[in-house]
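For reference, the structure is listed below as structure tokens.
Residue numbers (my numbering), protein chains in the order written: chain A, 1 to 307; chain B, 1001 to 1294.
Below you can see the structure in the form of structure tokens.
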């Protein structure tokens, strides 16, 4: 059964690894450039020794050189979705073409069939997702030091979340496939659903995955502990009257809250500190991977039940 | 020894629609049985229930004495199944399809499978996708046969084939039966396809069984009687009337005779199998019309 499952999954797995290799071919040279520039311009040493605002010129130079590349890289947040949906395709095709009935009328039980047919794409998604995570963790290194690792684009492609994203896209497409038995519809809707879920989590849920902290201070100068934190919402009051309010979840760069003319205002911030990076990463990864497992279990139940 | 296939009041419902209803039959081991009925009579459902692809909504089914669902691990290796659309993995080469059989079946006979493919003049490297309908059917049959099943179920195996491929396919089935002890059930909505190869017949109509028996016995027991109209009632009392038509003074009855017809006023004609089957299917159609009318 393992051989059959691999044979049915072979092309898609190789294409998924090909996409990973293609990304590596693109990112490794630019990543080497970035790390080079980061070290040789003294930016790394500067950031290591000082708070970021005192390395202004070096940061400016670095950004000018790599900003377009970094912006482009934000699109790579779609890659786990593509990989997951791609790896789900053979299973859905098996259901659509009715070839699963061929396997079910050989001598293996459905339990063994399911284990092999779903286990292999799961392992492949784990492998490729892990590869993506490794590649991006390295490539995002310099920009993570610069913009803070809680910056949405950086957070999305570092740590372990890419593994969760890949598994989630796989699970979603497989569950839809088990429901509809239509390849094209399941894969397209699976990808769109992946994207929509990601947007929802990025902008709404993520800020609350780990309880955020609150801070209150007086005056226009933001406290230094907010330098590499993510501001979730910010209010300013003068004599108890609200004069400024802002939110927007995890959107936007590190908040610059120094607003002129608000010298006497009291600021209230809800924020995620830099130290919450790993708790957030692990919670979000577990969330996506857990939902992926539930979706795959649903697909298995559905497939066993329908006939 | 238990029957090859045995059902008791077997039924399967999809939503509110019964695909198969109250089907009771027994197919003896070693027989080659034609499962005949109009489209939608439940032939496919019955075979899928027998191989465990579908679960019964009512009644029970046993293959070789086993429950195809609960005892799947024991039953599956002993039952071969060929679905109507001959599902095969399109992107596989023929040799890869054989490997599928080898990997998935403990009783797989690889030599026999390769010999059959060679006999069919099919190159092992050829992709399944590029085969003709007849060739696909043959490869699918090879897969089902090399599993060495005790019971082979073929669902409309020749429906999609041209006349020549039909002949060749059925010939292959016959050869396989001659080679080793095996029970075969073939379904079709056209009897002529199967008459040549079968020794047993099951007529399935409106989702329930109408007639089960050996073809020899069925042909021997069915007669067409022509005689006086006023004598028709006497005949009905002893024999089972399948179809009747009445003229002003004369009646024509197609009966399943219970012994001889002694009444000398009746002329007795023998019938061939096709006429008998048509009578049953006609009876079924008439019943359905009545059901619709009422």
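Just so you know, even glycine gets a beta-carbon here, dropped at the ideal spot from N, CA and C. Nothing here was measured: the structure is a model prediction, and the numbers come from that model.
Beta-carbon proximity check, residue i vs residue j, cutoff 8 Å
i	j	result
residue 76/A	residue 186/A	no
residue 1050/B	residue 1063/B	yes
residue 24/A	residue 175/A	no
residue 984/B	residue 1257/B	It is not possible to answer for residue 984/B, since the shown part of chain B is limited to 1001 through 1294.
residue 1143/B	residue 1184/B	no
residue 9/A	residue 120/A	yes
residue 306/A	residue 1081/B	no
residue 87/A	residue 124/A	yes
residue 1097/B	residue 1104/B	no
residue 212/A	residue 270/A	yes
residue 1198/B	residue 1032/B	yes
residue 1279/B	residue 1243/B	yes
residue 1053/B	residue 101/A	yes
residue 237/A	residue 266/A	yes
residue 295/A	residue 209/A	no
residue 1137/B	residue 1165/B	yes
residue 225/A	residue 279/A	no
residue 1068/B	residue 1075/B	yes
residue 1046/B	residue 1020/B	yes
residue 302/A	residue 126/A	no
Continuous alpha helix (DSSP H) stretch holding residue i: start and end
i	result
residue 1014/B	Counting along the chain, residue 1014/B falls outside any alpha helix (DSSP H), though it belongs to the beta strand (DSSP E) covering 1005-1014.
residue 1085/B	Note, residue 1085/B: premise wrong, no alpha helix (DSSP H); not H, not E.
residue 314/A	The requested residue 314/A is not part of the displayed model; chain A covers only 1 to 307.
residue 1142/B	1133-1146
residue 197/A	183-200
Reduced DSSP secondary structure (H/G/I, E/B, other) of residue i
i	result
residue 67/A	helix
residue 55/A	helix
residue 1092/B	coil
residue 1262/B	coil
residue 254/A	Low confidence applies to residue 254/A: its pLDDT is 41, below 50, so where it sits in the model is not reliable enough to give any reading.
residue 106/A	coil
residue 1197/B	coil
residue 270/A	strand
residue 1240/B	strand
residue 1223/B	strand
residue 217/A	strand
residue 1246/B	strand
residue 1069/B	coil
residue 157/A	helix
residue 242/A	strand
residue 1172/B	helix
residue 150/A	coil
residue 1031/B	coil
CB contact check: residue i to chain B, cutoff 8 Å
i	result
residue 1/A	yes
residue 227/A	no
residue 101/A	yes
residue 115/A	no
residue 251/A	For residue 251/A, the predicted model reports a pLDDT of 37, less than 50, meaning its position is unreliable; a value from the coordinates is still stated below. Chain B contact via Cβ: absent.
residue 256/A	Interpretation of residue 256/A is limited by its pLDDT of 48, a score under 50 that renders its predicted location unreliable; no figure is taken from the coordinates.
Neighbour list for residue i in chain B, Cβ cutoff strictly below 8 Å
i	result
residue 8/A	1089
Listed by chain order, chain A residues near residue i by CB distance under 9 Å
i	result
residue 1099/B	3, 4, 7
Residues that residue i contacts on chain A, provided the C-beta gap is smaller than 8 Å
i	result
residue 1105/B	106, 107
residue 1220/B	The premise fails here: residue 1220/B is roughly 36 Å from chain A at the closest Cβ pair, so nothing lies under 8 Å.
Range of the contiguous beta strand (DSSP E) that encloses residue i
i	result
residue 236/A	230-238
residue 1019/B	1017-1027
residue 1251/B	1250-1256
residue 1060/B	1058-1063
residue 995/B	Look at the range of chain B in this structure, 1001 to 1294, and you will see that residue 995/B is not part of it.
residue 1268/B	1267-1270
residue 1154/B	1151-1154
Proximity test, residue i beta-carbon vs the ligand ZN heavy atom, cut-off 7 Å
i	result
residue 301/A	Here there are no bound small molecules, and the ligand ZN is not part of this structure.
Beta-carbon neighbours of residue i, restricted to chain B and to distances below 9 Å
i	result
residue 98/A	1083, 1085, 1087
CB contact below 8 Å: residue i versus chain A
i	result
residue 1068/B	no
residue 1173/B	no
residue 1051/B	yes
residue 1076/B	yes
residue 1073/B	yes
residue 1056/B	no
Listed by chain order, chain A residues near residue i by CB distance under 7 Å
i	result
residue 1096/B	7
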